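J.: Handing you this structure, nothing more for now.
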Amino acid sequence: MRKPDLAFTRRNILGFASGVTFVVGAGVIWRAKQRGVFGSPPNEAFAPWDLWNDPTLKGTPMALVAAGIVASSPHNTQPWALHVADDRIELLADTRRNLGAFDPYLREMHIGLGCAIEQMMLAAGPNGYAVTVAPEAGSLLALQDHTGIAKVATLQLTKLSAPTEADALYDAIPKRHTNRFPYDRAAGLPSSARTLIEDVSDEENVKLFLFDEGDARRRFDEAVVAATEEIVADAEMVEASQRWFRETTSEIVAHRDGLTYDAAGLSTFMTAAAKLVPVSAQTAHEAWLAQTRDRQLPTAPLTGFVAVRDRYDRAQALAAGRVWARMQLVAATLGFAMQPINQPIETVDREKQLGKEARSEARLVALTNAPGWLPTFAFRAGMPTVAAPESPRRSLKDVTS
Ligand SMILES: Cc1cc2nc3c(=O)[nH]c(=O)nc-3n(C[C@H](O)[C@H](O)[C@H](O)COP(=O)(O)O)c2cc1C
108 MRKPDLAFTR
118 RNILGFASGV
128 TFVVGAGVIW
138 RAKQRGVFGS
148 PPNEAFAPWD
158 LWNDPTLKGT
168 PMALVAAGIV
178 ASSPHNTQPW
188 ALHVADDRIE
198 LLADTRRNLG
208 AFDPYLREMH
218 IGLGCAIEQM
228 MLAAGPNGYA
238 VTVAPEAGSL
248 LALQDHTGIA
258 KVATLQLTKL
268 SAPTEADALY
278 DAIPKRHTNR
288 FPYDRAAGLP
298 SSARTLIEDV
308 SDEENVKLFL
318 FDEGDARRRF
328 DEAVVAATEE
338 IVADAEMVEA
348 SQRWFRETTS
358 EIVAHRDGLT
368 YDAAGLSTFM
378 TAAAKLVPVS
388 AQTAHEAWLA
398 QTRDRQLPTA
408 PLTGFVAVRD
418 RYDRAQALAA
428 GRVWARMQLV
438 AATLGFAMQP
448 INQPIETVDR
458 EKQLGKEARS
468 EARLVALTNA
478 PGWLPTFAFR
488 AGMPTVAAPE
498 SPRRSLKDVT
508 S
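First residue of the sequence shown: 108, per my numbering; consecutive thereafter.
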């Protein structure tokens with residue numbers, strides 16, 4: 108008996124090829140969906156952005172907490188835990204949410220906690236509270252245990268007879284996002300921006316250093332690039348950073364923290380490619396170096412440092428964070444963009460941790476030329492070319508007790 112003809116006729120080949128194309132294409136689309144290539148899906152991970160003035164929280168201490176948890180934090184680690192009572196909020200550091208070799212002394216963690224304090228304080232008046240903050244004193248160097256909870260500050264609340272008028276910085280809370288996209292350097296900054304940034308810091312232990320053009324600015328950029336190169340060559344730092352990268356939609360939904368491709372400041376094409384094809388931590392961080400050197404620094408009309416008297420004083424780290432939070436909120440009210448660019452101080456910590464020659468500190472001293480002031484935070488500012496997206500946040504339930 109004659110078998111059915113399986114000869115490779117043109118028709119068969121075309122049919123087979125289109126079948127394969129369909130299967131591969133469907134696979135790619137399925138994978139792309141899994142990895143969130145088609146934009147960031149609306150999900151619970153972003154819901155806390157709507158809570159800062161939620162009517163059901165209005166006039167309660169929880170409204171302050173809701174404003175605090177959308178604050179900036181290093182690598183979006185959200186290192187906060189909050190004990191909430193009618194007359195006070197205790198802010199604790201969840202030191203397990205540390206950045207390892209990227210932040211060996213929890214200095215950046217404390218700056219992030221300072222950001223949360225500032226946003227809670229801005230929310231106090233409009234929710235009918237007067238607030239005083241009592242930070243825990245002491246040195247970060249004494250905080251050796253990075254596996255538990257450490258008290259950071261108490262916010263003492265007193266009921267006012269009526270809520271105060273909301274101010275512009277409070278209203279800017281949901282608009283504040285870290286913008287890692289290129290800026291429009293030619294557009295400069297709004298005329299009042301520089302003065303408003305400078306006025307933000309009335310803390311006696313915090314001072315700003317700003318750089319726009321000229322030799323000092325060139326050396327600022329060089330210091331950032333050199334530090335980024337050092338980090339990329341340090342496998343332990345790369346690994347520590349990568350641990351907080353959330354690559355897929357399901358990771359974002361599960362963790363509700365960390366860095367995402369959508370917020371990385373990449374072009375639309377690169378964002379889709381990065382989501383679709385996973386790359387190694389090393390490759391990702393080399394791309395970060397190129398982005399810092401070729402897109403972020405050259406497009407920023409203004410850069411700067413927040414400096415303190417003692418980089419490892421816990422209260423001064425919180426104060427620096429409060430200043431950074433206010434600066435970013437000023438930017439949000441005026442419509443300009445800001446991004447921390449902290450590599451030159453991260454390498455100071457790393458050299459200290461490894462007992463290496465303090466080359467990074469020497470770079471900073473040469474730049475600020477101000478004895479007694481130690482940069483603890485670096486940033487850039489400019490008019491945005493792309494609006495920065497929201498980053499995920501853990502829920503109120505997850506961070507309060
Ligand atoms: C202490 C500290 C250090 C940070 N360092 C950097 C940095 O070097 N580069 C960067 O792009 N973002 C940095 N960030 C921004 C955080 O990654 C960002 O706040 C977080 O991902 C949440 O995103 P959001 O600010 O848009 O809400 C830093 C934030 C803090 C508080």
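Here a beta-carbon is modelled for each residue, glycine too, at the ideal position from N, C-alpha and C. Since the structure is predicted, the reported quantities are computational estimates derived from the model, not experimental observations.
1) What does a CB cutoff of less than 7 Å around alanine 407 pick up in its chain, not counting 5 residues either side in sequence?
2) With proline 168 as the anchor, note down where its alpha helix (DSSP H) starts and where it stops.
3) In three-state terms, what does DSSP make of threonine 128?
4) Consider the C-beta atom of threonine 167 and the heavy atoms of ligand 1; say whether any pair is separated by less than 7 Å.
5) DSSP three-state label for glutamate 197, please.
6) Rounded to the nearest angstrom, what separates asparagine 512 and aspartate 328 at their Cα positions?
7) Going by alpha carbons, who is nearest to leucine 264 out of Val332, Ala257, Asp194?
8) For tryptophan 351, which residues of its own chain have a beta-carbon under 8 Å away from its beta-carbon, when the five flanking residues on both sides are left out?
9) One question on the structure: do valine 455 and leucine 404 come within less than 8 Å of each other, judged by their Cβ atoms?
10) Between alanine 208 and arginine 214, what straight-line distance do the alpha-carbon atoms span, to the nearest angstrom?
11) Report the rounded CA-to-CA distance for alanine 397 versus alanine 269, giving the unit in angstroms.
12) What do you get for glutamine 251, buried or exposed, if any count of 16 or more other CB atoms within 10 angstroms of its CB means buried?
13) Let me check you understand the geometry: is the CB of glutamine 450 closer than 7 Å to at least one non-hydrogen atom of ligand 1?
14) Find out if the Cβ-Cβ distance for the pair proline 242, alanine 422 is shorter than 8 Å.
15) What I want to know is whether the C-beta of proline 211 ends up closer than 7 Å to one or more non-hydrogen atoms of ligand 1.
16) Applying the 10 Å Cβ sphere with the 16-neighbour rule, what's the burial state of leucine 220?
17) Are there three or more Cβ pairs, one per stretch, closer than 8 Å when the segment 146–165 is compared with the segment 195–203?
18) Grab me the residues of threonine 128's own chain with a C-beta within less than 7 Å of its C-beta, minus the 5 sequence neighbours each way, in chain order.
19) In angstroms with no decimal places, state the Cα-to-Cα distance between arginine 301 and arginine 324.
20) Roughly how many angstroms lie between the CA atoms of leucine 441 and alanine 424, to the nearest whole one?
21) By alpha-carbon positions, which one of Glu497, Leu503, Met434, Gly479 ends up nearest to leucine 303?
22) Is the beta carbon of glycine 175 within less than 7 Å of some heavy atom of ligand 1?
T.: Taking the geometry as given:
1) Only Tyr290, Arg292, Arg487, Ala488, Gly489 meet the Cβ criterion.
2) Start and end: 168–175.
3) Annotation note: pLDDT 44 at threonine 128 (below 50); position unreliable, no value reported.
4) No, ligand 1 has no heavy atom inside 7 Å of this Cβ.
5) DSSP places glutamate 197 in strand when its eight states are reduced to three.
6) The chain is shown only over 108 to 508; residue 512 falls outside these bounds and no answer can be derived.
7) The shortest C-alpha separation from leucine 264 is found at Asp194.
8) So the qualifying residues of the chain are His182, Asn183, Thr184, Leu206, Asp364, Gly365, Leu366.
9) No, these two residues do not count as a Cβ contact at 8 Å.
10) Answer to the nearest angstrom: the Cα atoms are 12 Å apart.
11) Roughly 52 Å separates the two Cα atoms.
12) It counts as exposed.
13) At least one heavy atom of ligand 1 falls within 7 Å of the beta-carbon of glutamine 450.
14) In contact: proline 242 and alanine 422 (Cβ atoms closer than 8 Å).
15) Result no, Cβ not under 7 Å from ligand 1.
16) Result: buried.
17) Under the three-pair Cβ rule at 8 Å, the segment 146–165 does not count as touching the segment 195–203.
18) Only weak support is given to the placement of threonine 128: the predicted model assigns it a pLDDT of 44, under 50, and the value that follows is read from those uncertain coordinates. Taking C-beta separations shorter than 7 Å and ignoring five residues to either side along the sequence, threonine 128 has no partners in its chain.
19) Taking the straight line from one Cα to the other gives about 16 Å.
20) Cα-Cα distance, rounded: 26 Å.
21) Of Glu497, Leu503, Met434, Gly479, the residue nearest in Cα terms is Met434.
22) Not one heavy atom of ligand 1 is found less than 7 Å from the C-beta of glycine 175.
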